[in-house]
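Novice:
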Amino acid sequence: MLQNADFRVIWYVGSLGEVGRRMELLVLSWLVLQLTDSYFQLGLVLAFNNLSRPMVSMFTGYIADRFPRGRILIAGQALNVLTTAALLAVIAYDFDLIKPWHVFGAVFVQGLTKAIEDPSRRTAIFDIVGQGRLVNALSLDVISNNIGKMTGPIVGGILLDTAGFMGAYVFLLVVHVSNLGLMTRLRIPSYQ
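Quick note: the sequence shown, position 184, residue 173 per this note's numbering, numbers continuous.
(1) Nearest-angstrom Cα distance between Q120 and I114?
(2) May I ask which residues mark the beginning and end of the alpha helix (DSSP H) holding L175?
(3) On the three-pair Cβ rule with 8 Å, is the segment 99 to 117 touching the segment 2 to 16?
(4) Does the count of Cβ pairs from the segment 34 to 47 and the segment 88 to 96 closer than 8 Å reach three?
(5) For the alpha helix (DSSP H) holding S18, just list the boundary residues, first then last.
(6) Let me confirm a value: V124 is counted as buried when at least 16 other C-beta atoms fall within 10 Å, else exposed. Which label applies?
(7) Is F56 helix, strand or coil when you go by DSSP?
(8) Could you tell me which of M44, I177, V166, V92 sits nearest to L5, measuring between CA atoms?
(9) How should H173 be labelled, buried or exposed, when 16 other C-beta atoms within 10 angstroms of its C-beta is the threshold for buried?
(10) Threshold first: 3 residues or longer. Then list the beta strand (DSSP E) segments lying entirely within the segment 97 to 129, N to C.
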């Protein structure tokens, strides 16, 4: 599977994206806890991250079937870059301006982009590898997804400890920008 250059790119995109998402959830959860000292608001970070998914999931398969998948993936990652950059700009300008609702909005958008990207990325995997190799490709995708779920929080925790919140969040922006750059290199065969 990994000999296929386009599959490698989409696999890296999925892997790096999951690391970034999980790292961002940890870093922003830590931020909300620091701001509020409220375990309830800490829980709201994950609630807002998942809130958008049931609202849009019924439409995301339709979107993946009707629109160019590469553009959907690029748009989703561009939205992640913009959201992360906007939150970072507010924090860099004046940390005291940041409020929990800023974080809730950012993780809501993150959940929304995940809900939109997943069907398009998985369908793009089919477009790239074909039906005969789909099971192997999706197995690798699931493995990288689970590794990202483990790696992202570890990297986020290490960066919070060594570089502080700003260092961790700047690194996260670099991850999102890198992933966007990878997506622009992705060649997905035409959709039906």
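Every residue gets a Cβ at the ideal spot worked out from N, C-alpha and C, and that includes glycine.
Specialist: On the basis of the supplied data:
(1) Along the sequence shown, read from residue 1 onward, the residue named residue 120 stands at position 131. Along the sequence shown, read from residue 1 onward, the residue named residue 114 stands at position 125. About 10 Å.
(2) In the sequence shown, the residue the question calls residue 175 occupies position 186. No alpha helix (DSSP H) holds L175; DSSP gives it neither H nor E.
(3) yes
(4) yes
(5) Sequence index remark: in the sequence shown, residue 18 carries index 29 (1-based). Looking at the DSSP string, the run of the alpha helix (DSSP H) that includes S18 is -6 to 25.
(6) Here the question's residue 124 lines up with position 135 in the sequence shown. Result: exposed.
(7) For this step, residue 56 is matched to residue 67 along the sequence shown. Residue state, collapsed to three classes: coil.
(8) In the sequence shown, residue 5 corresponds to position 16, counting from 1. The option with the nearest alpha carbon to L5 is V166.
(9) To locate residue 173, count along the sequence shown from 1; it is residue 184. According to the sequence displayed, residue 173 carries Thr and not His. By the 10 Å Cβ count, T173 comes out exposed.
(10) none
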